[in-house]
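In terms of UniProt numbering, the sequence shown opens at residue 1 and continues consecutively.
Data first, discussion second: the structure below is written as structure tokens.
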Amino acid sequence: MLCCKFTFTPGNVCFSVEPPWILFTVDWPIVIALRSRMCEPEARVPSLAVLDKFEAFYTGGKLQVSKDGKFMFCGCGQKVKVVDVDTGKIQSAIGQEDEEITAFCLSPDDQFLVLSTQTLLLRQWNWKDERLIRSWKAVHFTPVMSMAFDPTSTLLATGGSDTMIKLWDIVQQYCTHNLRGHSGVVRLVQFHPDISRLQLVSAADDYTVRVWDLKTSACKAVIRDHYSLVKDINFTNNGNTMYSCGGDSVVCVWDMQKLAVVKTLPVFESMEAVLTLEHLPVLDVENPGAHFVTVGTAGALRVWNANTGNCAYSNKSLCEEIGGDDGEARAVIMQSLYCEAQDKIIVVTYDHNILYLNSDFTLHRQFSGHLEEVLDLALIGNDGSHVVVISNSSKVKVFCRQTMECQILPGHADTVLSVSACLKKHLFATSSKDNSVRVWKFDPATTHVTCVAVGQGHTQAVHSVAFSRLSAHFLVSGSEDSTLKLWTVPAEKEMDSGRLATLHTSSTERAHEKDINFVAVAPNDQFLASASQDKTAKLWSLPDMSLQGVARGHKRGVWCVQFSPEDRVFATSSADGTIKLWNLADFSCLQTFEGHDSSVLKVLYISKGKQLISSDSEGLLKLWTIKTNVCEKTFDAHEAKAWALTVHPSEQFILSGAADSTFITWKDVTDEEIKLAKETQEKLVLQEQQLSNYIQEKKFLKAIGLAISLEQPFRVLTILKDILQTSTGYEDLKTTLSKLKNHQIGALLRYAAQWNTNSRHCHCAQVVVNIVLNTFTPDQLMALPDFQASLEALIPYTERHFHRVNRLQQQATFVDYTWTCMKTGSST
């Protein structure tokens, strides 16, 4: 063992090793660095598991709500997704693979969900346990386009693109009516709320509305007052009045006793929905039944007086939006319905957002059904309570991670591309294709987000923006115009004044020859790094924006650059599939990480700078240990380009987002896995000891059961051989096996199939098979798990052993014959 002697001086430290005394002189910084490196623990390899996943649940079409208002049923591709309104999580997904859903309908008693598919089948599901009850042919010649249940949940009406309407008895499972009369696709079917009347109302592409008497299957009325497609119909509570609306900018008022239109009211915009509400807090009237609510293409909710035809109230603040270069209003609202249980108006917009409005038309909560491509993510709020999602949209979306409620923030005029947050100040900045940068403020108390400042100056799309890391006094942006801009963030008083402040540039630099893809600020706010499509990354000093050096080495454009939180290095990721570490002193390449098969879009430091996590255009996440230059793990959860990657400051979780309209929360479950592995190992040791005790005490039944539960076929074989070695071994084994449970017998047959492949163990295997086949009835054998597979595995080797035994018997008989002949010859 070596002994060290230390001598301290003001500038250095001397130490010697005995024996002999060898003197060394080392500078203090090197001693400190060596001490820190020797004392620091090795970076563990975290195991990431999906803690939470947000994915698209509504991509267009019909939306329904359960009677109690707790679940939404949303069309999403080939599935109908059931969403829990309280948590915003997808409860289940109903539908068959590779079957496009053309229409669906929920029964009024919330028991069944009926889907119609492109293959002309109707499928009835019990959606609560995701169980398909039955399927039957729709008997339509073309796909079903509309469906409706009657109030008793026993009759189902289907309207097809073959102009026919069919009624089905769900209980007795047969078609009750076949109604013909329309000359276009039947877009809408609705039962009269008073089931005693047995009436069905339908609307089709021929612009007609028909009322059918289900007692006689006759069409009682044909109304041609609409001159465009009828979008919606709605009844009053007593069923005596019905409203119909469409694209012809009028609402028809029906007298359902006379089956005629008594009024045609102009509303001056194309209608998407008409609603009748029990009470209207926005109106101070005693008879709200004389009013109805319309939802039009301009995004406005209007209340009309049915008697006078006057607009009594209009609210445009929530949904109004102007689209296109021609300035015409687009069809912002695509659907609207009323949830009586929660007294909420549900509005569905063209960009797949779902808004819950109170009865006074104020916003209650919103959901985002489809994000398209997730381009960037940032955490905001206390302890990262909210996540800012940048998708392929001009609107910024802020999600509450607990309830998945969404705030949709307009402001940018074109697609938003990047976001950067300052958690301490509750600020985040966004950049867009509209050549602007905006600063937003998050209020932790109310969780409300407001735009407090905007900066204009770039001539092309701003691809990236980064906040200062220490003080949030400035931010930096990089643009497609190849320039970097340093913006001064206004004082807090100016941002809280309620007026939109202006961001001013303190420095502008033409930085690269091509587009700037990413910018990052150093942890000390002294440096800025930029990554460009010109295959380089550059380092700039702040605030004078002077060039410090250029990192060259990538073969294609550089997508991302990040500073190490501990060392004087920075990392870059490129479209050439590599990640490189660069020295800040001389800009030499220290390490190259190879393992991605496609463009590396984002890279981040984790584990206090000891590891890297990266995402690529195949949707893969890879974890790298810098010290060993090894890819420790690969995580596959996305199905498209993983553009976004961010980590909680305390590294509690990691967020990733991709072009598959999902963002995933990853949690480090390393400690849990280590604890579980330790507990499993301890349990295994105890079970092994218990098994040995059972064998020692000749408790063979318990020993066999425990060995089977531990999945130890050889141990079971040893126990069986010990039983067979006794004088009454066969009978004892038969008695023991008869007491085993079905799953244990199934496992024993599976083991026997393995033993049967070896001639040394085949005897024991055949004994087991013989006992099982002679003990259990055919019905009991067929009920055993994997019995057929075990039997198929036993047959080939059993035939081989049978032929071998036959050959041995023949040889033994020949030897006996020879010996007999020899004895006969000697006697003569």
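Even glycine gets a Cβ: it sits at the ideal position worked out from N, Cα and C.
Just so we're clear, the structure is a prediction, and the values are computed from it rather than from any experiment.
Restricting to Cα atoms, I'd like to know which of I133, F112, A138 is closest to L122.
Among I133, F112, A138, the Cα nearest to that of L122 is on A138.
Expressed to the nearest angstrom, what Euclidean distance is found between the alpha-carbon atoms of I346 and Y338?
Cα to Cα, I346 sits roughly 6 angstroms from Y338.
Does DSSP put F587 in a helix, a strand or coil?
Note: F587 maps to coil in three-state DSSP.
Which of the three DSSP states is assigned to M145 in this structure?
Strand at M145.
Decide yes or no for the touch test of the stretch 664-680 against the stretch 708-716: beta carbon pairs closer than 8 angstroms, at least 3 of them.
Touching, no.
Along the chain, where does the alpha helix (DSSP H) that runs through V769 open and close?
Per DSSP, V769 belongs to the alpha helix (DSSP H) from 762-775.
Assign E792 to one of three DSSP states: helix, strand, or coil.
Reduced to three states, the DSSP call for E792 is helix.
If contacts are defined as beta-carbon pairs under 8 angstroms, then A520 and Q562 qualify, I think. What distance do you get, rounded to the angstrom?
About 6 angstroms; that satisfies the 8 angstroms criterion.
Could you check what DSSP says for E480 in three-state terms: helix, strand or coil?
DSSP places E480 in coil when its eight states are reduced to three.
Which whole-angstrom value is the C-beta distance of S464 and S431, which I expect to be below 8 angstroms?
Confirmed, about 7 angstroms.
Could you tell me how far apart the beta carbons of S626 and K608 are, in whole angstroms, since I believe they sit closer than 8 angstroms?
At residue 626 the sequence reads Ile, which differs from the Ser that was named. The pair is not a contact, with the Cβ atoms about 11 angstroms apart (cut-off 8 angstroms).
According to DSSP, F191 sits in a beta bridge with which residue or residues?
F191 pairs with L200.
Alpha helix (DSSP H) containing I695: first to last residue?
Segment 670-696, the alpha helix (DSSP H) holding I695.
Among L132, M145, G88, F71, which has the Cα closest to the Cα of I101?
The candidate whose alpha carbon is nearest that of I101 is M145.
Alpha carbon to alpha carbon, how far is T736 from L791? Give it in angstroms, no decimals.
Roughly 21 angstroms separates the two Cα atoms.
Looking at the strands, I want to know which residues DSSP matches up with H177.
DSSP lists L167 as partners of H177.
Would you call the stretch 408-418 in contact with the stretch 382-400, where contact means no fewer than 3 C-beta pairs closer than 8 angstroms?
Verdict: yes, contact present.
Under 6 angstroms Cβ to Cβ from E321, same chain only, skipping five residues before and after it: list those, please.
Because the pLDDT at E321 is just 48, under 50, the model does not fix this residue reliably, and the point stays unresolved.
Kindly indicate which residue of M271, F653, E509 has the alpha-carbon position closest to the one of S47.
Comparing Cα positions, the closest option is F653.
Please report the straight-line C-alpha distance between E566 and M495, rounded to a whole angstrom.
Distance between the alpha carbons of E566 and M495 is about 33 angstroms.
Is DSSP giving R224 helix, strand or coil here?
Of the three classes helix, strand and coil, the one that applies to R224 here is coil, per DSSP.
Whole beta strand (DSSP E) runs in the stretch 258-302 with 3 or more residues, listed along the chain?
Listed in chain order, the complete beta strand (DSSP E) runs (minimum 3 residues) inside the stretch 258-302 are 260-266, 271-275, 291-296.
Measure the C-alpha to C-alpha separation of N310 and A531 and round it to an integer number of angstroms.
If I take the Cα positions, the gap works out to 60 angstroms.
In whole angstroms, what is the alpha-carbon distance linking Q199 and S107?
Taking the straight line from one Cα to the other gives about 18 angstroms.
Could you work out which residue in T241, F587, K602, D129 is closest to L375 when comparing CA atoms only?
Taking only the C-alpha atoms, the option nearest L375 is K602.
Cβ of T276 within 8 angstroms of Cβ of T308?
In this structure, T308 does not lie closer than 8 angstroms to T276 by Cβ.
If I measure Cβ to Cβ from S615 and keep anything under 7 angstroms in the same chain, skipping five residues before and after, which residues do I get?
Cβ neighbours of S615 beyond the five flanking positions: L601, K602, L621, A642, L645, S656.
What do you reckon, are the CB atoms on G369 and N358 nearer than 8 angstroms?
Result no, Cβ atoms of G369 and N358 do not sit closer than 8 angstroms.
Using only the alpha-carbon positions, how far apart do T592 and I579 sit?
Between T592 and I579, the C-alpha separation is close to 6 angstroms.
Decide if R804 is buried, meaning its Cβ has at least 16 other Cβ atoms within 10 Å, or exposed.
When all chains shown are included, R804 counts as exposed.
Reducing DSSP to helix, strand and coil, say where V85 ends up.
Three-state DSSP puts V85 in coil, outside helix and strand.
In whole angstroms, what is the alpha-carbon distance linking A529 and A537?
Approximately 7 angstroms, taken between the alpha carbons.
With a Cβ-Cβ cutoff of 8 angstroms, do V419 and F428 count as a contact?
It is a contact, given that the beta carbons lie within the stated cut-off.
Which of the three DSSP states is assigned to D779 in this structure?
If DSSP states are grouped into helix, strand and coil, D779 belongs with the helices.
Hey, could you find the ends of the beta strand (DSSP E) I745 is sitting in?
From DSSP, I745 is part of no beta strand (DSSP E) but of the alpha helix (DSSP H) over 742-755.
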